[in-house]
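This report concerns only the one structure given below.
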Amino acid sequence: MLSTLNRSHSFSNTINLIVFRKALSLKTYCTITAASPITDVKFSASRSRNLFSRISPIRQDAHIVPVLDQWVIEGRKVNYLELQRIIRDLRSRRRFSQALQISEWMSCKDIFEFSPGDCAVHLDLIGVVHGWEAAERYFSNLSDPEKNEKTYGALLNCYVREGSLDKTLFHMQRMKDKGYASSLAYNNLMTLYKKTGQLDKIPDVLSEMKKNGIAPNNFSYRICIRSYGERSDLNGMEKLAEEIGRQAHICMDWATYSNMAYCLIKANEKEKALLYLKKLEEKLDKDALAYNHLISLYAHLGNKDEMMRLWVLQKVACKKQINRDYITMLGSLVKLGEFETAEALLKDWDSSCRTYDFRVPNILLIGYCQRGLIEKAETMLRDIMAMGKTPTPNSWAIIAAGYLSKDNVEKAFECLKEALAVKEENMGWMPKPGLITRILNWLGDKGDPKQVEVFIRSLRMVAPVNRHMYHALIKVNKRVGREVDSILESMKADEIDENEETEKILSLVS
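Numbering of the sequence shown is given in the UniProt record's numbering, commencing with residue 1 and proceeding in unit increments.
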């Protein structure tokens, strides 16, 4: 019976090994690349007008070096500024490995002389792709002229990225000794203190900057003012805001005003919060994300009128609303219990959307379930399905959790089965462990063996095998008088030990 459930020993013990190539130097890299297999890359004429248009569409896991080599073989010129542009573009899209390949190719081919800025970018890319140790090795091999403020700063950034406080502080002191401690370096140190949860040290860094004659910039003040807010030091936050207001060269951005307003709302300082919300509104321009933040903050204050006013302004200023904007507005309306307005807004979205993104109606499903309107949520989802839309598994999981909150485990089970039936719509989806556990416990007590077996077979496609699955199988089979030795053997093969609960279930008399 359990043959279809049993995974092979090799399957249950699969280990994914990821091997990272640690480049000791550019010379080492050139040798490795020369020995690497060259991928056959074909290009249409329309993509060959310039190197950027040839590289940009390439898959993220593809090798770039063969493309560059082919470009040279074709007798085309290699433009230094274009290569820099491509590296910037790849970095902005988080395709760091490919950006590093181009940077290494530039150095290996000796086509261009690397500037200290190029070395700094290269060092930073090594840190992202291979870690700080590889970045350190590259830095140590640089010539003295190349070890300047930019490359020192890039190595500092690598330490900060890795969260290494000791190395960051040691390297920062070296930079201070050499006169390289810029506002960027101090900002990196403050970022690390934020990353490690040492928020109280951030204002000290700002004070040290001023003492050492390093002018803080927008980022310096922004991260410091947020550190006050996160520690609920409203007095410190407001004093710093006043200091910023006296400096003509510092401009507070909308995100900082948003953060300050949120901290004041949490502290029930609503009148003060409103002052910063007005300042935030002055910074909106045509930034849809800023509108979304402001709408959400007014939702925290329970002010529907301001939310609706801003939504109208956003539609005019930003021309087009995307799913993210509707999600924000729907969530804000649901927060206030304004379901009638939310339903009208959902219809507006439905009539204008090009692709049906279930994250949008899911906001309303969650709202209904939170208010105990589970049946209404299910009816809404089935109405959407009747229009030919296939929901994501998460839509059904939301309703399953709603039924579970009402202790209607049978309905939760039916909804979770619906979710598993459409799991292909979202291969990364996995139901919450608490939902699975309660349903499995119920199935062990109320289900029949075939029903439980089929459910667990589906469940194991999206969730790792666990003791609760086996306990449900053992319990349901014990209830009907079936042997469970094969189930226990399978459980052992999956390296799940028996515990007191297992023994308790085994002692059940059918």
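Where a beta carbon is used, it is the ideal one built from N, C-alpha and C, also for glycine.
Just to check my reading of the structure: residue i and residue j have Cβ atoms closer than 8 Å, yes? What is that Cβ distance to the nearest angstrom?
i, j, result
"I265", "L240", "Rounded, the Cβ-Cβ distance is 19 Å, inconsistent with contact."
"P431", "A386", "Their Cβ separation, rounded to whole angstroms, is 24 Å, which puts P431 and A386 out of contact at 8 Å."
"L199", "R231", "5 Å"
"S103", "V78", "Not confirmed; about 13 Å, so no contact."
"A299", "M307", "6 Å"
"D204", "N157", "Between N157 and D204 the Cβ distance is about 21 Å, and since that is not below 8 Å, they are no contact."
"L420", "P393", "7 Å"
"T328", "N303", "With 8 Å as the limit, T328 and N303 do not qualify as a contact, their Cβ atoms being about 15 Å apart."
"L90", "Q98", "5 Å"
"A472", "L440", "4 Å"
"I374", "G331", "Not confirmed; about 19 Å, so no contact."
"G444", "V476", "5 Å"
Starting from residue i, follow the alpha helix (DSSP H) in both directions and report where the run begins and ends.
i, result
"Y471", "The sequence as given places His at residue 471; Tyr does not occur at that position. R467 to R479 is the extent of the alpha helix (DSSP H) around H471."
"S103", "F96 to C108"
"R457", "P449 to L459"
"Q173", "L165 to K178"
"F339", "F339 to S352"
"H130", "P116 to H130"
"N292", "A288 to H300"
"L240", "L234 to G245"
"K446", "P433 to K446"
"L313", "K304 to A317"
"L284", "Note, L284: premise wrong, no alpha helix (DSSP H); not H, not E."
"C158", "E149 to E162"
"N394", "P393 to S405"
"W84", "The displayed chain sequence assigns Gln, not Trp, to residue 84. Y80 to S92 is the span of the alpha helix (DSSP H), which, as asked, contains Q84."
"K423", "Premise fails: K423 is in no alpha helix (DSSP H) and is neither H nor E."
"V65", "V65 to I73"
"C369", "R359 to Q370"
"R54", "L51 to I55"
"S490", "D485 to A493"
"N323", "N323 to K335"
"A261", "W254 to K266"
"I505", "E500 to L506"
"Y221", "N218 to E230"
Can you give me the C-alpha to C-alpha distance between residue i and residue j, rounded to a whole angstrom?
i, j, result
"P116", "N148", "7 Å"
"G337", "G367", "8 Å"
"L238", "K150", "For the sequence presented, residue 238 should be read as Glu rather than Leu. Those two C-alpha atoms are separated by around 34 Å."
"D350", "T341", "14 Å"
"K315", "N259", "24 Å"
"K492", "H468", "14 Å"
"D166", "H130", "20 Å"
"M380", "L289", "29 Å"
"E162", "I505", "47 Å"
"C30", "Q101", "With a pLDDT of 36 at C30, under the threshold of 50, the modelled position of that residue is not reliable, and no figure is offered here."
"R474", "P391", "Here residue 474 turns out to be Ile, not Arg, going by the sequence shown. Computed Cα separation, rounded: 33 Å."
"V452", "I436", "12 Å"
"S8", "R460", "Only weak support is given to the placement of S8: the predicted model assigns it a pLDDT of 32, under 50, and the value that follows is read from those uncertain coordinates. Distance between the alpha carbons of S8 and R460 is about 14 Å."
"V408", "I456", "The sequence shown places Asn at residue 408, rather than the Val named in the question. C-alpha separation (whole angstroms): 20 Å."
"R226", "I87", "32 Å"
"A34", "E113", "For A34, the predicted model reports a pLDDT of 37, less than 50, meaning its position is unreliable; a value from the coordinates is still stated below. Going from the Cα of A34 to the Cα of E113 covers about 21 Å."
"Q247", "L301", "31 Å"
"K109", "P57", "24 Å"
"R180", "L346", "What sits at residue 180 in the sequence shown is Tyr, not Arg. Computed Cα separation, rounded: 54 Å."
"S46", "E82", "Summary for S46: the model assigns pLDDT 42, below 50, so the residue's position carries little reliability; its value from the coordinates is reported in the next sentence. Cα to Cα, the separation comes out at about 18 Å."
"L284", "L294", "9 Å"
"K411", "Q321", "36 Å"
"M106", "K210", "40 Å"
"residue 516", "G447", "Here the chain has residues from 1 to 510 only, and residue 516 is not among them."
"F413", "K478", "21 Å"
"V422", "E243", "56 Å"
Could you work out which residue in the options is closest to residue i when comparing CA atoms only?
i, options, result
"E74", "E489, N50, P464 and I374", "N50"
"Y186", "F219, Q98 and W311", "F219"
"G428", "T437, C415 and P464", "P464"
"R95", "Y80, I55 and M175", "I55"
"S140", "C119, V462 and V129", "C119"
"D177", "L277, N212 and G197", "N212"
"Y276", "T256, K286, A267 and D285", "T256"
"I399", "P361, G388 and L68", "P361"
"E503", "V480, E495, D494 and Y470", "Y470"
"V312", "K335, V334 and K286", "K286"
"Y228", "T355, D485, A261 and E489", "A261"
"K376", "Y403, L68, S352 and Y356", "Y403"
"Y193", "N268, Y159, N217 and V454", "Y159"
"D357", "V476, K279 and N426", "N426"
"V128", "V422, A154 and I223", "A154"
"C353", "D325, R371, K335 and S395", "D325"
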